[in-house]
Amino acid sequence: MDRFAARLLHAFASLIGRLPWSWLMRLGDLLAAWWRWRDVRESRVARINLELAYPDLLPAEREAMHAAILRTTARQVLETVRLWTRPHEENLRLLRERHGTELMDAAIEAGRGVIIAAPHHGNWELLNQWLAWRTPLAILYRPPESAVVEAFLNLVRADTDAARVTQVRAEGPAIRQLFKRLNDGGVVGILPDQQPKAGDGEFAPFFGVQALTMTLLGRLASRTGATVLFAWCERMDTHPDGPGFALHLQPAPAAVSDPDPKVAVAALNDALEQIARRDPAQYQWTYKRYTLRPPGSGEQNPYWNR
Numbered sequence: 000m001d002r003f004a005a006r007l008l009h010a011f012a013s014l015i016g017r018l019p020w021s022w023l024m025r026l027g028d029l030l031a032a033w034w035r036w037r038d039v040r041e042s043r044v045a046r047i048n049l050e051l052a053y054p055d056l057l058p059a060e061r062e063a064m065h066a067a068i069l070r071t072t073a074r075q076v077l078e079t080v081r082l083w084t085r086p087h088e089e090n091l092r093l094l095r096e097r098h099g100t101e102l103m104d105a106a107i108e109a110g111r112g113v114i115i116a117a118p119h120h121g122n123w124e125l126l127n128q129w130l131a132w133r134t135p136l137a138i139l140y141r142p143p144e145s146a147v148v149e150a151f152l153n154l155v156r157a158d159t160d161a162a163r164v165t166q167v168r169a170e171g172p173a174i175r176q177l178f179k180r181l182n183d184g185g186v187v188g189i190l191p192d193q194q195p196k197a198g199d200g201e202f203a204p205f206f207g208v209q210a211l212t213m214t215l216l217g218r219l220a221s222r223t224g225a226t227v228l229f230a231w232c233e234r235m236d237t238h239p240d241g242p243g244f245a246l247h248l249q250p251a252p253a254a255v256s257d258p259d260p261k262v263a264v265a266a267l268n269d270a271l272e273q274i275a276r277r278d279p280a281q282y283q284w285t286y287k288r289y290t291l292r293p294p295g296s297g298e299q300n301p302y303w304n305r
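Going by numbering that gives the first Met the number 0, the sequence shown opens with residue 0, and the numbers climb by one from there.
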């Protein structure tokens, strides 16, 4: 039943994905305007995050950034619907520039395993499709609460490239698959800026605010000797014939692989922040990154009751 419902959802998404790019961008702008007018969850979370991450901004500056973030986020929602439902060869033509791809080629050739750390910056679904085109890989993901949504995501992310993409749930027994793949010289993709469960991470500053950060990436790197590369697809422009993106890959700081988890997560967050600061409007500020607070700090969940 879940699979059937997911296919119905996919059919509806396919209808939206067939709209011209100019229509999709306009719909995204209308969605962003509605979010701000109704001050829905996305709007509230983004505003709280900006208050935490950019405390020195003047109110007018913060409101301008808030509007830009919601506009970019809403456009990305419609972009992603199209990316999920159109041929990948067509989607990859949106990549106008590619930087650092030789780093991945060299890392794969070295045979020590590769960890692709993909922050929520730009369009990570387009990045997933490029990675699947370039090499077989396993992607770590956190299962959504809805079984139908999970079936839909498996359909659009893995079924098209079932022989090349293995989706691994972020759960204890499944994590062993990642160690095995890396030890065999394979490639693993991880979204490193998702808040882990309490007890599965360490706190480190992210935009000057303590954020619980995954230790898994550092453990994988230190125990397997895998190369860690940051990767993202950054939006360059938008034309009636579609947005243009630049693919970026860059080496992670050596400290990301430090055996000391506190050192590793501090280096990880610092690198993530540098990427997000390239164009803050393209980062996912609608995500509740600071829900869990350091034990004994006396701090409350900043999103509570808002």
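Every residue gets a Cβ at the ideal spot worked out from N, C-alpha and C, and that includes glycine.
For residue i, count neighbouring C-beta atoms within 10 Å of its own C-beta (all shown protein chains included) and say buried if the count is 16 or more, exposed if not.
| i | result |
| --- | --- |
| L7 | exposed |
| L49 | buried |
| G241 | buried |
| F11 | exposed |
| A225 | buried |
| P118 | buried |
| H65 | buried |
| P191 | buried |
| R288 | buried |
| E78 | buried |
| Q283 | buried |
| A238 | Before going on, a small fix: residue 238 reads as His here, not Ala. Exposed, by the Cβ-count rule. |
| W33 | exposed |
Give me, in chain order, the residues of the same chain whose beta-carbon lies closer than 7 Å to that of residue i; leave out the 5 immediate sequence neighbours on both sides.
| i | result |
| --- | --- |
| E201 | T212, T214, P260, K261 and V264 |
| R43 | R305 |
| R111 | G184, G224, A225 and T226 |
| F151 | A5, L8 and H9 |
| I274 | P118, H120, F229 and W231 |
Measure the alpha-carbon distance for residue i versus residue j and round it to whole angstroms.
| i | j | result |
| --- | --- | --- |
| P1 | W132 | Just to set this straight, residue 1 is Asp in the shown sequence, not Pro. Each residue's alpha carbon lies about 28 Å from the other. |
| P301 | P293 | 13 Å |
| I174 | R168 | 8 Å |
| L207 | D269 | The residue asked about is misnamed: residue 207 is Gly in this sequence, not Leu. Using only the alpha carbons, I get a separation of about 10 Å. |
| V80 | I15 | 7 Å |
| G99 | K179 | 26 Å |
| S256 | V187 | 15 Å |
| G185 | L130 | 12 Å |
| T134 | L57 | 46 Å |
| V164 | R61 | 39 Å |
| D278 | E233 | 9 Å |
| E89 | L246 | 16 Å |
| F326 | A52 | Residue coverage of the chain in this structure runs from 0 to 305, which leaves residue 326 outside it and unanswerable. |
| A266 | P252 | 7 Å |
Sort out for me which residues DSSP pairs residue i with in a bridge.
| i | result |
| --- | --- |
| D236 | G243 |
| V187 | I114 and A137 |
| Y282 | H120 |
| M64 | According to DSSP, which records beta bridges pairwise, M64 is partnered with nothing at all. |
| L211 | F202 |
| R168 | Y140 |
| W231 | H247 |
| T226 | V113 |
Counting only the same chain and skipping the five closest in sequence on each side, list residues whose C-beta sits under 6 Å from that of residue i.
| i | result |
| --- | --- |
| A31 | L69, R70 and A73 |
| T285 | E41, V44, A45 and T72 |
| L94 | F244 and L246 |
| E124 | T79 and L82 |
Which same chain residues end up closer than 8 Å to residue i when comparing Cβ atoms and leaving out the 5 residues on each side of it in sequence?
| i | result |
| --- | --- |
| A280 | M64, A67, I68, R70 and T71 |
| A197 | L211 and L291 |
| V76 | G27 and L30 |
Answer yes or no: the CB of residue i versus the heavy atoms of the ligand NAP, is any distance below 8 Å?
| i | result |
| --- | --- |
| L8 | With respect to the ligand NAP, the structure shown offers nothing to examine, as it has no ligands at all. |
Any alpha helix (DSSP H) of 4 or more consecutive residues that is wholly inside the region 87-121: 87-91 and 100-109
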